[in-house]
Ligand SMILES: Nc1ncnc2c1ncn2[C@@H]1O[C@H](COP(=O)(O)OP(=O)(O)O)[C@@H](O)[C@H]1O
Ligand SMILES: [Mg+2]
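Shown next, in the form of structure tokens:
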């Protein structure tokens, strides 16, 4: 059974003239790492809210179609129940932090679940190590960098031990170092075979971790395919204002000048291998 299954989803925000999602159908299998890309306003965040039940339970509008999380309708299953299966980390790290120190931030939702203290402690220690914030755990979020705040948000989500993690532009407000910290964390989650949906504008980073990419524009899914197949469509992506990895753009330009690539490189490592092959004429 897929973990997430959406069929013919259409959504119009209350009072809005146009649909923000049209004809959205896709599913997510356990262990998949899926990148979601598309220009601003494409409907990526709206999609995340439909999956998690925030739409229509908290944000209202006209919703058609079906959305299931582990076989439960995300229309009807309380958002609090779905949040135990899906952790959602959003763009604004600051707004997601409620408590006076990191430890309380992570522990509070676990206490609300009524978990025994030993279990809370186990999870706290596990996620603090995972996001590498043990030494900071007594600090007030005020003193944390943007990257550290986002890592706290990820840790808080992971402490619920969700089966799925959704990162919705979790790096877009971070400085380069903060973004790198969160990207490294995404790489770590991939190694742990966690099911992840990552809305991300940094395509170079996405190319390193995603198995599959969904391209959205104007509320629709334009493409849903394995990562290389999507990122090789350089002209198509650029027409949407999306820039494929620099190494892919370079290879594409070289290909137009007659250099042959067996497959389009999407990471620097693949690019280096391809150049070595060209150099040796193999
Ligand atoms: N609360 C809202 N009320 C009305 N329209 C909204 C609301 N939030 C988003 N929209 C509209 O829905 C469309 C999709 O937005 P969004 O899902 O935020 O896109 P993305 O995350 O891809 O940038 C946009 O046209 C946006 O203006
Ligand atoms: Mg968004």
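In my numbering, the protein residues as written are 450 to 731. C-beta: ideal position from N, C-alpha, C; glycine also.
Check                                                                                                                                                                               : Outcome
Count the other CB atoms, across all protein chains shown, that sit within 10 Å of the CB of residue 527; report buried if there are 16 or more and exposed otherwise.              : exposed
In terms of alpha-carbon separation, which member of 508, 510, 530, 544 lies closest to residue 517?                                                                                : 530
What did DSSP end up calling residue 536 once you bin it into helix, strand or coil?                                                                                                : strand
Please tell me whether residue 477 and residue 505 are closer than 7 Å, where the distance is taken between their beta carbons.                                                     : no
Pick out every residue whose C-beta is nearer than 5 Å to a heavy atom of ligand 1: which are they, in chain order?                                                                 : 462, 465, 469, 489, 490, 491, 492, 493, 494, 495
Since residue 511 sits in a beta bridge, which residues does DSSP pair it with?                                                                                                     : 461
Taking buried to mean at least 16 other C-beta atoms within 10 Å of its own C-beta, is residue 590 buried or exposed?                                                               : buried
Anyone know if the C-beta pair for residue 469 and residue 459 falls short of 7 Å?                                                                                                  : no
Quick test of your reading: residue 677 and residue 712, contact by CB under 8 Å. State the CB separation rounded to the nearest angstrom.                                          : 7 Å
Can you tell me which of the three DSSP states residue 472 falls into?                                                                                                              : strand
Rounded to the nearest angstrom, what separates residue 631 and residue 674 at their Cα positions?                                                                                  : 24 Å
Note down, in chain order, each residue of its chain lying with its Cβ closer than 8 Å to the Cβ of residue 680, except the 5 sequence neighbours on either side.                   : 652, 656, 662, 686, 693, 694, 697, 713, 715
Does DSSP put residue 676 in a helix, in a strand, or in coil?                                                                                                                      : helix
What do you reckon, are the CB atoms on residue 510 and residue 461 nearer than 7 Å?                                                                                                : yes
Under DSSP, the alpha helix (DSSP H) around residue 685 begins and ends at which residues?                                                                                          : 683-688
Locate the alpha helix (DSSP H) running through residue 658, then write down its first and last residues.                                                                           : 652-658
Residue range of the alpha helix (DSSP H) that residue 636 falls in?                                                                                                                : 625-640
Look at the Cβ atom of residue 684, then the Cβ atom of residue 648, and state whether they are nearer than 7 Å.                                                                    : no
Tell me residue 669's beta-bridge partners as DSSP assigns them.                                                                                                                    : 666
So for residue 531, helix, strand or coil by DSSP?                                                                                                                                  : helix
Count the other C-beta atoms from every protein chain shown that fall within 10 angstroms of the C-beta of residue 507, then say buried if there are 16 or more, exposed otherwise. : exposed
Would you mind working out which of 727, 496, 642 sits nearest residue 455, comparing C-alpha positions?                                                                            : 496
Do you know whose CA, among 488, 539, 710, lies nearest residue 615's CA?                                                                                                           : 539
With DSSP collapsed to three states, give me the class of residue 548.                                                                                                              : coil
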